[in-house]
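There are 2 protein chains.
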Amino acid sequence: MMAREIVLASRPAGLPAVQNFALAEVRLGALADGAVRVRNRYLSTDPYMRGRMMDGPGYAAPFGLGARIPGRAIGVVAESRAAGFAPGDTVRSMAGWCEAFDAAPGALEKIDTMGIEAHHFIGAAGVPGLSAYAGLTRIARVKAGETVFISAASGAVGGIACQIAKMLGARVIGSAGGPEKAAHLKRIGVDAAIDYKAEEDLPAALGRAAPEGIDVYFDNVGGPHLEAAIAHARPFGRIAVCGMISGYNASAPLPGPRNLVQIVGKSLRIEGFLTANHMDLMPGFAAEMAGWIKAGRIVTRDTFHDGIEEAPAAFISLFTGANFGKPIVRIGP
Amino acid sequence: MMAREIVLASRPAGLPAVQNFALAEVRLGALADGAVRVRNRYLSTDPYMRGRMMDGPGYAAPFGLGARIPGRAIGVVAESRAAGFAPGDTVRSMAGWCEAFDAAPGALEKIDTMGIEAHHFIGAAGVPGLSAYAGLTRIARVKAGETVFISAASGAVGGIACQIAKMLGARVIGSAGGPEKAAHLKRIGVDAAIDYKAEEDLPAALGRAAPEGIDVYFDNVGGPHLEAAIAHARPFGRIAVCGMISGYNASAPLPGPRNLVQIVGKSLRIEGFLTANHMDLMPGFAAEMAGWIKAGRIVTRDTFHDGIEEAPAAFISLFTGANFGKPIVRIGP
């Protein structure tokens, strides 16, 4: 059978363009003994991928030019010549942006979907959801009654972070771009929504939303949001840094917050984290999230892009703010 | 009796000048019942005072114009009309830059000098020493075998931090300005000394001193040192921020580190602290430090400025790098 895939054609400069990617086709021959053939259903697009499209030193190796974009994917076993996998099984892999692939069993994780849709396992019940959970509970250590500020609050991580922070008993302030997103934040229960694109003065807007300051900032974007959060942090505030997407397409490094010195006077802690270091939480978290979704306690709103050829556009939408929730590439029937 | 004092004459713009201060004289009449009269011997000058010379919001109230500069001081009781204090007792207070003062007992802390010189109780065995100790043990949580980078390493806090980090079993890299200070760092036992004034490329110099990276950075200065530390931090590195003196005289806020995004990929923690929040450690720490000084395990090299009229110059020397260790104002005889 033939399977299409997306390869990295050139390294992006600034905002990635569809021309940085190319569609290729590979032939899958007869399935080897001991291998499993998977048809992908949902492909993940994530901000961290931007960094790996660049060459040079980083915390992970750069993506290879001409090679398939790796990344998380949810698929269904089409054929199996390995013990433990049968046609119809749902699996998660790092196979990336391809329609189908053959893999050794060790590269596949069988998923019990626990009654929720499979795409959640690269979303609310997958790494993005766990990022929100680990950032709030292990890094920021949110306590009931605290005020939590969350940027990119309608995004894949931010949207879940808002709702988990509410469950933890916090007052939640979410920031997102545009009136539609701000309205959505109110629907998912945040106490105050900031449409940062409509605000001339983001620190002032945060000050109005949190007149007594914030205890926690869950940072997805860096830049002016981080500076505003430091300005309004209360003593012993914590800033959990999940990402700083505002700088990912910059051609030169952007300066950090001009008010960083306030971390001394206010005894603030700014801590970055990788969800990869918190995967011990995943089994318990995924089961809990499946229950929350079934009970309607967590509401998701992801954006589906149909067809492997749409993967580059879905990825680029992460940086243009065109998506609600997670941009997910959906394949086949 | 008459006592001279230093008052804030005007708020400094940029680097403070002696013209921002004025010498005044006050008359102490007959000592009131229940009060204690103290002759100061040693006055503390500290970087944090710069922030409080400015007007505007901060974590502590600004110093009053025309009022005596408050600050820690070590004195000797000259006369007492209060129970528990007798002439000759050594006391620590926040009385600030004055030759003598009358105080209620509650404003005085009687000091057992434990066989070391009294000035150490505003230095190695006082808040600066405790800043080093708390920053290394409570904030950075240094472990044996780790590599620790310390800026302003010949200063009041940095010099003690270098030696305590060695006791904790760390490899220590100190940075200071000028060959004399760098040579001093080697004498107090640091493993590698950087004369940052002689380095064109501070990150490269740190890379040579710590080819495998650093686990902890004890920050006294902010600015390029902080950026270099982030660049060379190993995964799960910790940055304890005691101060950011490089920006204290800036007329506009300085940008933060351009590589702050690395805190995500390397899971770094940057945490500011105030020693005021760690005073529970002081009694045990002071006793331990007195033992270390007597045993020669901690070496101090402070700079004495004689006479109350020298307090402004002593303070200004904090920002020009003219001092070794702590600039201490010493008052007669």
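Note that the protein sequences, when read in sequence, are chains A and B.
Note that my numbering gives residue 6 to position 6 of the first sequence, counting from 1, and the numbers run on in steps of one.
One gets my numbering by counting positions in the second sequence from 1 and adding 1000 to each.
Each residue gets a CB set at the ideal place from its N, CA and C atoms; glycine is no exception.
In this text, all values refer to a predicted model and were calculated from it rather than measured experimentally.
Next item on the list: Output the distance between the C-alpha atoms of residue 48(A) and residue 93(A), rounded to the nearest integer angstrom.
Entry: 17 angstroms
Note to self: Cutting at 8 angstroms between CB atoms, please list the residues of its own chain near residue 1091(B), excluding the five before and the five after it.
What the structure shows: 1036, 1038, 1074, 1075, 1076, 1077, 1085, 1108, 1109, 1110 and 1111
Next item on the list: Check each candidate in 1206(B), 1100(B), 1260(B) and 1270(B) and name the one with the smallest Cα separation from residue 264(A).
Entry: 1270(B)
Item checked: Close beta carbons around residue 1080(B), own chain, < 7 angstroms, minus the five adjacent residues each side -> 1036, 1086 and 1087
Notebook entry, point to check: So what does DSSP say about residue 195(A), is it helix, strand or coil?
Noted result: strand
Notebook entry, point to check: Which bits of chain A does residue 1270(B) rub up against, with CB to CB less than 8 angstroms?
Noted result: Contact of residue 1270(B) with chain A by beta-carbon distance below 8 angstroms involves 263, 269, 270 and 271.
Item checked: Whole-angstrom distance between residue 1288(B) and residue 1252(B), CA atom to CA atom -> 41 angstroms
Check: Considering only residues of the segment 234-298 of chain A, which uninterrupted beta strand (DSSP E) runs meet the minimum length of 3 residues and lie entirely inside it, listed in chain order?
Finding: 269-272
Margin query: I'd like to confirm the pairing. Which residues does DSSP put opposite residue 327(A) in its beta bridges?
Written below: 303(A)
Checklist line | Check whether residue 1124(B) and residue 1150(B) have beta carbons under 7 angstroms apart | finding: no
Next item on the list: Identify, in the order they occur along the chain, each residue of the same chain with its Cβ nearer than 7 angstroms to the Cβ of residue 1309(B), setting aside the five sequence neighbours on each side.
Entry: 1023
Checklist line | Cross-chain neighbours of residue 336(A) in chain B, by beta carbon under 8 angstroms | finding: Residue numbering for chain A in the displayed model covers 1 to 333; residue 336(A) lies beyond these limits and cannot be assessed.
Next item on the list: With a threshold of 16 other CB atoms inside 10 Å of the CB of residue 1277(B), please say whether the residue is buried or exposed.
Entry: exposed
Check: From the beta carbon of residue 1256(B), is the nearest beta carbon of chain A less than 7 angstroms away?
Finding: yes
Margin query: At a CB distance below 8 angstroms, what residues from the segment 1274-1295 of chain B approach chain A? Give them in sequence order.
Written below: For chain A, the residues of the segment 1274-1295 of chain B that bring a beta carbon within less than 8 angstroms of one of its beta carbons are 1274 and 1277, in chain order.
Check: residue 142(A) versus chain B: which residues are under 9 angstroms apart at the beta carbon?
Finding: Neighbours of residue 142(A) on chain B: none; closest Cβ ~17 angstroms, over 9 angstroms.
Checklist line | residue 1089(B) beta carbon less than 7 angstroms from that of residue 1028(B) | finding: no
Note to self: Under 7 angstroms, Cβ to Cβ, is there at least one residue of chain A near residue 1253(B)?
What the structure shows: Put simply, the CB of residue 1253(B) is near chain A, with a gap under 7 angstroms to one of its CB atoms.
Next item on the list: Using a Cβ-Cβ cut-off of 7 angstroms, state whether residue 1174(B) counts as contacting chain A.
Entry: It does not; no Cβ of chain A falls within 7 angstroms.
Margin query: Just to confirm, is the Cβ distance from residue 275(A) to residue 130(A) under 7 angstroms?
Written below: yes
Note to self: For the beta strand (DSSP E) containing residue 3(A), name the first residue and the last one.
What the structure shows: 2-8
Next item on the list: Taking all protein chains shown into account, decide if residue 1055(B) is buried (16 or more other Cβ within 10 angstroms of its Cβ) or exposed.
Entry: exposed
Next item on the list: Provide the residue(s) that pair with residue 1176(B) in DSSP beta bridges, ordered along the chain.
Entry: 1195(B)
Notebook entry, point to check: Can you find a CB in chain A that lies within less than 7 angstroms of the CB of residue 1241(B)?
Noted result: yes
Checklist line | Complete beta strand (DSSP E) runs within the segment 1057-1082 of chain B (minimum length 3 residues, chain order) | finding: 1073-1080
Check: Along the segment 207-230 of chain A, what residues have a CB closer than 7 angstroms to any CB found in chain B?
Finding: Those would be 222, in chain order.
Check: Under 7 angstroms between the Cβ atoms of residue 232(A) and residue 213(A)?
Finding: yes
Check: Between the segment 108-132 of chain A and chain B, which residues of the former have CB atoms less than 8 angstroms from a CB of the latter, in chain order?
Finding: none
Item checked: Local conformation of residue 1149(B) per DSSP, three classes -> In this structure, residue 1149(B) counts as strand in the three-state DSSP scheme.
Next item on the list: Would you list the one or two residues that DSSP bridges to residue 155(A)?
Entry: 325(A)
Margin query: Within the continuous beta strand (DSSP E) that includes residue 101(A), where are the two ends?
Written below: 100-103
Check: Does any C-beta atom of chain B lie closer than 7 angstroms to the C-beta of residue 325(A)?
Finding: Chain B contact via Cβ: absent.
Next item on the list: Below 8 angstroms on the Cβ atoms is my guess for residue 15(A) versus residue 285(A); work out the distance and round it to an integer in Å.
Entry: With 8 angstroms as the limit, residue 15(A) and residue 285(A) do not qualify as a contact, their Cβ atoms being about 33 angstroms apart.
Notebook entry, point to check: Within the 7 angstroms Cβ cut-off, does residue 247(A) reach chain B?
Noted result: yes
Note to self: Just to confirm my understanding: we take residue 1146(B), look at its own chain, exclude 5 residues before and 5 after, and list those with CB closer than 7 angstroms. What are they?
What the structure shows: 1170, 1215 and 1216
Note to self: Just to confirm the assignment, what range does the beta strand (DSSP E) spanning residue 190(A) have?
What the structure shows: Run containing residue 190(A): none; DSSP gives neither H nor E here.
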